[in-house]
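Each remark here refers to the structure printed beneath this line.
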Amino acid sequence: MPSHVILYDLPSKQGTSWSLNPWKTRIILNYKSIPYITQWVEYPDLAPTLSSLGIPPNPSDQNPVRYSSPAITHSNSTHEMDSWAIAHTIEQLHPTPSLHLNDPVNVQVRDLVTSLSNPLRPFIIPKVPAILNPRSASYFLETREVRFGKPLSRVFAEDATERCWEEAGFAATELAKLLKVDASGPFFLGKKVSYADFILVAYFKFLERVDREAYERVVGLDEGFKRVYEACKDWLDMDN
1 MPSHVILYDL PSKQGTSWSL NPWKTRIILN YKSIPYITQW VEYPDLAPTL SSLGIPPNPS
61 DQNPVRYSSP AITHSNSTHE MDSWAIAHTI EQLHPTPSLH LNDPVNVQVR DLVTSLSNPL
121 RPFIIPKVPA ILNPRSASYF LETREVRFGK PLSRVFAEDA TERCWEEAGF AATELAKLLK
181 VDASGPFFLG KKVSYADFIL VAYFKFLERV DREAYERVVG LDEGFKRVYE ACKDWLDMDN
């Protein structure tokens, strides 16, 4: 097997990782101590770069974006896109330490983090271009204007309201309850780390990079959020 894998990630202006889904994969690689290198890919270059590897586009009925980050060249030299699929392949190729992917908490947390993040998009998404390099920032502004049906400046001005936080609060409450199921903590499975922890922590890291105020507000919703984030800090250090 090659000595490392290649993680295809979106760079910030600082040349560090920021995006939610690539962080999910990056944390796994760090946790499992798998040697890897990062190949930075700007937004407009995702499709030509990933298609050149022979990776098929996302199914149009599941994702409007044909090519997305993360993608990976695995240690067996195969290529793959989508953080959920990547997690399962890494677990097969590198089974220890385990991500406990068979535990239902992984799907529960995956879906709840989506329910937490979606209402907050009017606050967070308009702030993403500020941390990107110029080509990616322009691409992001243009494509998200199409997706939202209006410029991101209007999304923030018109849609970022306290109602967003009220809606997000329902998912946050359920996530906090799941963290308390095994009181030995700080992880969803008590003292055992699982991919569920990385899904949630990746969202916190994304918020921290894009909108510090929103990050502080979200992790302040429950003391368990800060505990699991702190417990995963060792696997967040390698961000480039």
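The opening residue of the sequence shown carries number 1 in full-length UniProt numbering; numbering runs sequentially from there.
Backbone N, C-alpha and C fix where the C-beta goes; we use that ideal spot for every residue, glycine too.
In this text the structure is predicted, and so the values were computed from the model without any measurement.
Listed in chain order, the beta strand (DSSP E) elements of length 3 or more contained wholly in the UniProt domain "GST N-terminal" (18–92) are 36–40, 71–73 and 79–81.
Shown here, V193 sits in coil according to DSSP, grouped into three states, outside any helix or strand. S52 has its alpha-carbon roughly 43 Å from the corresponding atom of T173. Counted as a single uninterrupted DSSP element, the alpha helix (DSSP H) harbouring D159 occupies residues L152 to D159.
The three-state reading of DSSP puts L112 in helix, counting H, G and I together. Taking C-alpha positions only, T78 is separated from I34 by approximately 16 Å.
According to the DSSP assignment, L178 belongs to the alpha helix (DSSP H) that extends over E162 to L179. Annotation for L221: no beta strand (DSSP E) segment contains it, and DSSP assigns it neither H nor E.
Inter-segment contact for the region 100–107 and the region 190–200 is present: three or more beta-carbon pairs are separated by less than 8 Å. Assignment of D234 by DSSP, reduced to helix, strand and coil, places it in the helix class. Residue state for P186 is assigned as coil, using DSSP reduced to three classes. Pairing V128 with R227, the inter-Cα distance amounts to about 26 Å.
Counting only residues of its own chain and dropping the five nearest sequence neighbours on each side, F148 has a CB closer than 7 Å to the CB of V155.
Here the region 21–38 makes contact with the region 220–240; the two share three or more CB pairs at distances below 8 Å. The beta carbons of C164 and L120 sit closer together than 8 Å. If you draw a 10 Å sphere on the C-beta of G15, you find fewer than 16 other C-beta atoms in it, and that means exposed. Here I6 is bridged, per DSSP, to I37 and T73.
In the same chain as A202, and ignoring 5 residues on each side of it, the C-beta atoms closer than 7 Å to its own belong to L20, W23, K24 and I27, in chain order.
Between L112 and A157, the beta carbon gap of about 29 Å keeps them out of contact (Cβ cut-off 8 Å).
With distances taken between CA atoms, Y8 lies nearest to Y43 out of Y31, K32 and Y43.
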